[in-house]
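> This is the structure, below, for whatever I ask next.
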Amino acid sequence: MFRFATHDELYLAVMQVFGEANDRLVTALTFDEVLSGLREVGWFDPVPGDRLDRALGQLCEWGLLDRVQNHGAHYATAEEYERKNLQYSLTKRGEAAFEGV
11 MFRFATHDEL
21 YLAVMQVFGE
31 ANDRLVTALT
41 FDEVLSGLRE
51 VGWFDPVPGD
61 RLDRALGQLC
71 EWGLLDRVQN
81 HGAHYATAEE
91 YERKNLQYSL
101 TKRGEAAFEG
111 V
């Protein structure tokens, strides 16, 4: 449950983004929102897209985040669809883990 706190520091920063979003009652974030949220929580190192994608995937695998598709939105291009279609949300387990750190 607390593996995110002992791996790459990016995992902890991503969880902090979701914890702060949860405090604001924001239930789901896109990849781009997570990326911009990292700056808001004090992560200023550049994060390549594939690294963030791996971190989000690992957090989902650990059951801390859920990944859902947003079928209701409209997308101008296939690239925009791929980038913005997936949304991530904090699970109950993820919320408990983040609060426990």
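Residue 11 is where the sequence shown starts when you use the numbering used here, and the numbers rise one by one after that. A virtual CB, placed ideally from N, CA and C, is assigned to each residue, including glycine.
For leucine 35, count neighbouring C-beta atoms within 10 Å of its own C-beta (all shown protein chains included) and say buried if the count is 16 or more, exposed if not.
Label assigned to leucine 35: exposed.
> For glutamine 97, which residues in the same chain have their Cβ closer than 7 Å to its Cβ, ignoring the five residues on either side in sequence?
Ala38, Leu39, Thr40, Val78 and Asn80, listed in sequence order.
> Which runs of the alpha helix (DSSP H) at least 4 residues long sit entirely within the region 11-67? Give them in chain order.
Listed in chain order, they are 19-33 and 41-50.
> Going by DSSP, what residues sit across from arginine 77 in a beta bridge?
Arginine 77 pairs with Tyr98.
> Rounding to the nearest angstrom, what Cα-Cα distance links valine 51 and tyrosine 91 in this structure?
So the two alpha carbons sit approximately 27 Å from each other.
> Here's a check: name, in chain order, each residue in its chain whose Cβ is nearer than 8 Å to the Cβ of valine 57, leaving out the five neighbours to either side.
Answer for valine 57: Leu20, Leu45 and Leu48, listed in chain order.
> Suppose the cutoff is 8 Å on Cβ atoms and the five residues either side in sequence are ignored; what does the same chain contact list for aspartate 18 look like?
Around aspartate 18: Ala65.
> Let's test the definition: count the other Cβ atoms within 10 Å of the Cβ of alanine 31 and tell me whether it reaches 16, buried, or not, exposed.
Burial call: buried.
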